[in-house]
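Protein chains in written order, with the UniProt record's numbering: chain A, 1 to 234; chain B, 1 to 234. Report on the structure given below.
Protein chains: 2
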Amino acid sequence: MRPAYQRVADSLRADIEAGRWQPATKLPSEHTLAQTFEVSRTTIRQALDVLESANVIRRQQGKGTFVAAQGVSHVLGDLKSFTDTLRELGKQPGIRDVSVAIDDDPPADATTFLRGSRIWCVERVRTADGRAFCRMQSWLPDALAAGIAEDELLARQSLYALLADLSDERPAEATEVIRAEAASAEDSVALGVPKDTPLLSIYRWTSNHRGAPIEFVRSASPGDRYEYVIRLKQ
Amino acid sequence: MRPAYQRVADSLRADIEAGRWQPATKLPSEHTLAQTFEVSRTTIRQALDVLESANVIRRQQGKGTFVAAQGVSHVLGDLKSFTDTLRELGKQPGIRDVSVAIDDDPPADATTFLRGSRIWCVERVRTADGRAFCRMQSWLPDALAAGIAEDELLARQSLYALLADLSDERPAEATEVIRAEAASAEDSVALGVPKDTPLLSIYRWTSNHRGAPIEFVRSASPGDRYEYVIRLKQ
DNA sequence: CAGTGGTCTAGACCACTGT
DNA sequence: CAGTGGTCTAGACCACTGT
């Protein structure tokens, strides 16, 4: 039996995600929700805490609780896979249009980083609740890519998990560069958006604990479907 | 009067940061802490929630609450000003189109974060080697903004440096959200780019060491003139 | 088994908002 | 003023851990 506050949070989240409550809509007050769900106000507040930290709602003292603008956020802080991040946000992660192939003409950054070996490209389109939100291209060295089968990627969804099994390679260090770009013709087909739509593109160079390259990645997402969150501390 | 749970959290945090409790040390149980601080267990749990989400402690059901490793893993990047960042890149930082005024209709995020007081907006366009690359809008609470004069901002260039002098307010914590957006009409005038050009927009919520809000900022830069670099380590 | 954190109740009063 | 979310109390029982 799941705790009551989680069932309340799930129920509210489902209503919001199904569009029964639109962004900026005011939710019923905590007292009203307590009566509706037949639990104490404390339990309602626990449920709302969950939704607030997932950026599903926003609370304003004296005014009320409102449905937040929706979007997927990537919370930085460790080297988490997209799959993990999405699950934490309560979205159903999916994947489609997988291809694994030798890339005879990889981008210059990939060639430089992966140093000479034959280069493979793993391409995937990531979905959240069935909707495309990220075109992901990973360039890998020959040694790592050889064991990757397309159907496994579809089933497993996490490239990092697969690499860990295949070769004991774990990402230990990465540099990311974030840019705003206009969608190319290929991007627009993969993501189903008009050409030149603003995309948030993240380029990532990932190495193992010995500093050897694991992959060079480009992830491109439409600006209205993805945002990137960073917490900084001095 | 600050709420009791915040005072408890501050007290525990101070003990940990002063090294009186080393990493991996087990804290007194919640029941014991409630007696020590003479508050209810609920209030202790609120305080521990704060410290847990700040990664200061970790809780394990059935075992106890432990001081977290104070390592690098969650401290990613630092709170550097644009001026510092540009200088490191060997560009000549500049500033133009400064305005400081009360904002009667600030964005909802600013209102929520700065909580109620009259809100000021400091707007600037940042240049690198004379070329506009960033439109920066900072929303500040009344108490902080009152002392800011436009000519000082032009001369000093760093809002953080100015705030530190005026009020001893230093940024200690921030959350950033990065999005790709299409340039609005105002953006296109400020930056000299066509409307709907892809912009990299960074929203930042900055607090001092007591968690009080200092500013909410939006920085918007054309995708071809700015990129954001992050180094991650596990 | 005792001790821990996790969940939950049924209240109370406070701070803030808008009428 | 009424209505909202924010804080707080003093309990209770549950789930998990280690002896």
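By construction, the Cβ of each residue, glycine as well, lies at the ideal position given by its N, Cα and C atoms.
Here residue 185 of chain B has 195 as same chain residues with Cβ atoms under 7 Å from its own Cβ, once five neighbours each way along the sequence are excluded.
Separation of the CB atoms of residue 136 of chain B and residue 217 of chain B is rounded to 7 Å, and the pair is thereby assigned contact status at 8 Å. At a Cβ-Cβ threshold of 7 Å, residue 187 of chain B and residue 220 of chain B count as neighbours. Relative to the Cα of residue 180 of chain A, the nearest Cα in the group B:189, B:201, B:176 and B:191 belongs to B:201.
Rounded to the nearest angstrom, the gap between the Cα atoms of residue 222 of chain A and residue 182 of chain A is 9 Å. Scanning A:97, A:15 and A:50 for the CA closest to the CA of residue 6 of chain A turns up A:50. With a threshold of 16 other beta carbon atoms within 10 Å, residue 138 of chain B meets it and is buried. Taking a C-beta distance under 7 Å as the contact criterion, residue 9 of chain A and residue 47 of chain A qualify as a contact pair. Around residue 122 of chain B, the same chain offers 100 and 138 as residues with beta carbons nearer than 6 Å, after the five sequence neighbours per side are excluded.
Distance from the Cα of residue 56 of chain A is smallest, within the candidate group A:145, A:30, A:37 and A:17, for A:17. Around the Cβ of residue 132 of chain B, a 10 Å sphere holds 16 or more other Cβ atoms; the residue is buried.
In the structure shown, residue 38 of chain B falls within a coil segment according to DSSP collapsed to helix, strand and coil. Considering only B:26, B:106 and B:118, the residue with the shortest C-alpha distance to residue 61 of chain B is B:26.
Put simply, the CB of residue 128 of chain B is far from chain A, with every gap to its CB atoms at 7 Å or more.
Counting along the chain, residue 8 of chain B sits inside the alpha helix (DSSP H) bounded by residues 4-17. Along the UniProt domain "HTH gntR-type" (2-70) of chain A, the positions whose C-beta sits under 8 Å from a C-beta of chain B are 53, 58 and 60, read in chain order. Taking all protein chains in view, the Cβ of residue 141 of chain A is crowded by 16 or more other Cβ atoms within 10 Å, so the residue is classified as buried. Around the beta-carbon of residue 65 of chain A, 16 or more other beta-carbon atoms lie within 10 Å, marking it buried. Contact residues of the segment 89-123 of chain B toward chain A are 112 (C-beta to C-beta distance below 7 Å). Interface with chain A (7 Å Cβ-Cβ cutoff): residue 192 of chain B is excluded. The criterion of a C-beta distance shorter than 7 Å is not satisfied by residue 115 of chain A and residue 98 of chain A. Per DSSP, reduced to three states, the secondary structure at residue 114 of chain A is helical.
Around the Cβ of residue 38 of chain B, a 10 Å sphere holds fewer than 16 other Cβ atoms; the residue is exposed.
A distance below 7 Å between beta-carbons, with the five flanking residues on each side excluded, links residue 4 of chain A to the following residues of its chain, in chain order: 39 and 43. B:58 is the residue among B:58, B:19, B:54 and B:53 whose C-alpha sits nearest the C-alpha of residue 29 of chain B. Neighbours of residue 132 of chain B in chain A, taken as residues whose beta carbon is under 8 Å from its own, are absent, since the nearest beta carbon is some 15 Å off.
Listed in chain order, the non-local C-beta contacts of residue 205 of chain A below 6 Å within the same chain comprise 113, 175 and 216, local neighbours out to five positions each way being set aside. By DSSP's assignment, residue 125 of chain A forms a beta bridge with A:96 and A:135.
If you draw a 10 Å sphere on the C-beta of residue 213 of chain A, you find 16 or more other C-beta atoms in it, and that means buried.
Within the DSSP bridge table, the entry for residue 180 of chain A names A:200 as partners.
DSSP places residue 68 of chain A in the coil class of the three-state scheme, outside both helix and strand. Here the alpha carbons of residue 95 of chain A and residue 192 of chain A stand approximately 15 Å from one another.
With respect to the C-alpha of residue 130 of chain B, the residue from B:12, B:93, B:20 and B:106 having the closest C-alpha is B:93. Sixteen is the threshold: since fewer than 16 other Cβ atoms of the shown chains lie within 10 Å of the Cβ of residue 20 of chain A, the residue is exposed.
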